[in-house]
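**Student:** Take this structure, written in structure tokens, and hold onto it; I'll ask about it next.
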Amino acid sequence: MSAPLSREALAQLFTDARSLHSFTSQPVSPDTIQQLYELLKWGPTAFNGQPGRYVFLQTHQARQQLSPALSAGNRDKTLAAPLTVIVAYDTAFHEQLPTQFPVFDAKGFYDNLPHLIEPGARSNATLQGAYLILAARALGLDAGPMTGFDAEAVDRTFFADGRYKSLLLVNLGYGQREGLYPRGPRLAYEDVVSIL
219 MSAPLSREAL AQLFTDARSL HSFTSQPVSP DTIQQLYELL KWGPTAFNGQ PGRYVFLQTH
279 QARQQLSPAL SAGNRDKTLA APLTVIVAYD TAFHEQLPTQ FPVFDAKGFY DNLPHLIEPG
339 ARSNATLQGA YLILAARALG LDAGPMTGFD AEAVDRTFFA DGRYKSLLLV NLGYGQREGL
399 YPRGPRLAYE DVVSIL
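Quick look at the structure:
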């Protein structure tokens, strides 16, 4: 059995972590980006499927290509961030399941029920997007996830062949915490949890 993480580690991942919108100019190194993926890929998904796809926009020019698809409230902070990730899903992710989940014909499962491919890709890539945020925090980065964007415009610009579909944007870097609003409340345990 694994030992519980320290209070400090839990604070870094959850209780002290914030969605940040302002970052220092310190770049995120290519090594850190690779470490990020090497952590997030281990998060559990259905049939061990790996529908998540990640486009890391590191240059200002790359983020400028993204800019027209951003909502007004997300544009300036994204252009100023050192790194933005487009989290997308592969609509043909099931084709890799024979190597990802060899103990069962999961590809055949989806081939026989094609209407489940899209929701399976979307829900598991959403999980992978959450793992990306936790992996970033574990590596000392701050994250600012966003859904305020025109997904069709992002897809036209970055995924023109139509196979990948954008799901989430995440600004990453070393955050600036000055001037943050007080943290928003969370629902109480008794309001959301049932034990049967």
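219 is the number of the first residue of the sequence shown in our numbering; add one for each residue after it. Note that CB positions come from ideal geometry on N, CA and C, so glycine has one too. Computed from a prediction, not measured in an experiment: that's the story for all the values here.
1) Alpha carbon to alpha carbon, how far is Glu-370 from Leu-223? Give it in angstroms, no decimals.
2) For the stretch 257-342, list the beta strand (DSSP E) runs that are entirely contained and at least 3 residues long, ordered along the chain.
3) For Phe-311, is the classification buried or exposed, using 16 other Cβ atoms within 10 angstroms of its Cβ as the cut-off for buried?
4) Look at the alpha carbon of Pro-332 and the alpha carbon of Asp-373, and state the distance between them as a whole number of angstroms.
5) What did DSSP end up calling Phe-367 once you bin it into helix, strand or coil?
6) Please report the residue range of the beta strand (DSSP E) in which Tyr-407 lies.
7) May I ask which residues mark the beginning and end of the beta strand (DSSP E) holding Leu-385?
8) Work out the CA separation of Pro-337 and Tyr-328 for me, nearest whole Å.
9) Taking C-beta to C-beta, are Asn-389 and Phe-274 nearer than 9 Å?
10) Who are the Cβ neighbours of Ser-237 in its own chain at under 8 Å, not counting the five residues just before and after it?
11) DSSP puts Gly-362 in a beta bridge; with which residues?
12) What is the residue span of the alpha helix (DSSP H) that Arg-225 lies within?
13) Count the C-beta pairs between the stretch 308-326 and the stretch 393-407 that are closer than 8 Å, then say yes if the count reaches three, no if not.
14) When you compare the CB positions of Gln-276 and Val-246, do they come within less than 9 Å of one another, or not?
15) Pick helix, strand or coil for Phe-377, following the three-state DSSP scheme.
16) With 16 other CB atoms within 10 Å as the buried threshold, where does Val-305 fall?
**Tutor:** Let me spell this out:
1) Against the sequence shown, residue 223 aligns to sequence position 5. Against the sequence shown, residue 370 aligns to sequence position 152. Going from the Cα of Leu-223 to the Cα of Glu-370 covers about 40 Å.
2) 270-275, 301-308
3) Within the sequence shown, the letter at position 93 stands for residue 311. Per the 10 Å Cβ criterion, buried.
4) The residue labelled residue 332 in the question sits at position 114 within the sequence shown. The residue labelled residue 373 in the question sits at position 155 within the sequence shown. Near 22 Å, if we compare the C-alpha coordinates of Asp-373 and Pro-332.
5) Stepping through the sequence shown from its first residue, residue 367 is reached at position 149. Residue state, collapsed to three classes: strand.
6) Your numbering for residue 407 matches position 189 in the sequence shown. Segment 407-410 is the alpha helix (DSSP H) holding Tyr-407; no beta strand (DSSP E) there.
7) Taking the sequence shown and counting its residues from 1, the one referred to as residue 385 is at position 167. 382-391 is the span of the beta strand (DSSP E), which, as asked, contains Leu-385.
8) Indexing the sequence shown from 1 puts residue 328 at position 110. Indexing the sequence shown from 1 puts residue 337 at position 119. Cα-Cα distance, rounded: 11 Å.
9) Position 171 of the sequence shown, counted from the start, is the residue given in the question as residue 389. Position 56 of the sequence shown, counted from the start, is the residue given in the question as residue 274. Taking 9 Å as the Cβ cut-off, Asn-389 and Phe-274 do not qualify as a contacting pair.
10) Along the sequence shown, one-based indexing puts residue 237 at 19. If we look at Ser-237 and ignore the five residues flanking it on each side, its Cβ neighbours are Ala-361, Gly-362, Pro-363.
11) The residue labelled residue 362 in the question sits at position 144 within the sequence shown. Per DSSP, Asn-389.
12) By 1-based counting over the sequence shown, the position of residue 225 is 7. From DSSP, the alpha helix (DSSP H) with Arg-225 extends over 225-228.
13) no
14) Residue 276 sits at position 58 when you count from the first residue of the sequence shown. Residue 246 sits at position 28 when you count from the first residue of the sequence shown. Yes, they are a contact pair.
15) To locate residue 377, count along the sequence shown from 1; it is residue 159. Reduced to three states, the DSSP call for Phe-377 is coil.
16) Residue numbering aside, residue 305 sits at position 87 when the sequence shown is read from its first letter. It counts as buried.
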